[in-house]
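Okay, so here's the structure we're looking at.
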Amino acid sequence: MPRATFQTFAIVAITTLLTACASPYGTRPACPTAQQMEQPELLGRWNVQMDGEAGPITIELGPHPEWDGTVKGSVQRPAFQSIIVGDVNQGELTMEESRDGKSVSGNWYGSVAEGSCARIIRGEWAGSDDRSLKFTMRKSIQ
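Laid out in structure tokens, this is it:
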């Protein structure tokens, strides 16, 4: 293979590899503001305190397999486990919870706490039974 052709091939191969490995979110800030929080910061384990609800409550979130930029995971409570899906947009969290995997049993609406490096979210959980409870989510150190 002529030297010029090999160099062109090598450059194309390296560029393709780097493009494939690049995050769709680009470089993420070490301490994102509430407005900067996106799906990568939402991934992982969260410890939840919910007024009027016995603990411990944990949420485990991973990338949603079908919808880019969103999350899917589980909420583990002492008495049961639910499926949860959602996203964060400009500092606002929205998630839907389902105990049976078919119907919505609760909605989570929250705001990322400014100055928390996207590690604290406070809001309100609204159940399908018209009950609402305040919550605080704290990112677990893994």
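Position 56 (the sequence shown) corresponds to 537 in my numbering; numbering is contiguous.
Glycine included, every Cβ here is placed at the ideal spot set by N, Cα and C.
Source: prediction; values computed, not measured.
- Remark: C-beta atoms of G554 and S586 do not approach each other more closely than 8 Å.
- Looking at the backbone, the Cα of A511 and that of A599 are separated by about 10 Å.
- DSSP places L524 in the coil class of the three-state scheme, outside both helix and strand.
- In terms of Cβ geometry, T539 and Q520 do not form a close pair [threshold 8 Å].
- V556 places its beta carbon 8 Å or farther from that of F616.
- Residue state for K620 is assigned as strand, using DSSP reduced to three classes.
- If only complete runs of 3 or more residues are kept, the segment 583-619 shows the beta strand (DSSP E) at 587-593 and 601-608, in order along the chain.
- The beta carbons of G604 and S592 sit closer together than 8 Å.
- Going by DSSP, T514 is part of no beta strand (DSSP E) at all; its letter is neither H nor E.
- A residue is called buried when at least 16 other Cβ atoms come within 10 angstroms of its Cβ; G596 does not meet this threshold and is exposed.
- By the neighbour-count definition (other C-beta atoms within 10 Å, threshold 16), W548 is an exposed residue.
- Here DSSP, grouped into helix, strand and coil, assigns D549 to coil.
- Around the beta carbon of G533, fewer than 16 other beta carbons sit within 10 angstroms, so the residue counts as exposed.
- An exposed status is given to A535, since fewer than 16 other beta-carbon atoms sit within 10 Å of its beta-carbon.
- A direct Cα-Cα distance of roughly 20 Å separates P513 from Y590.
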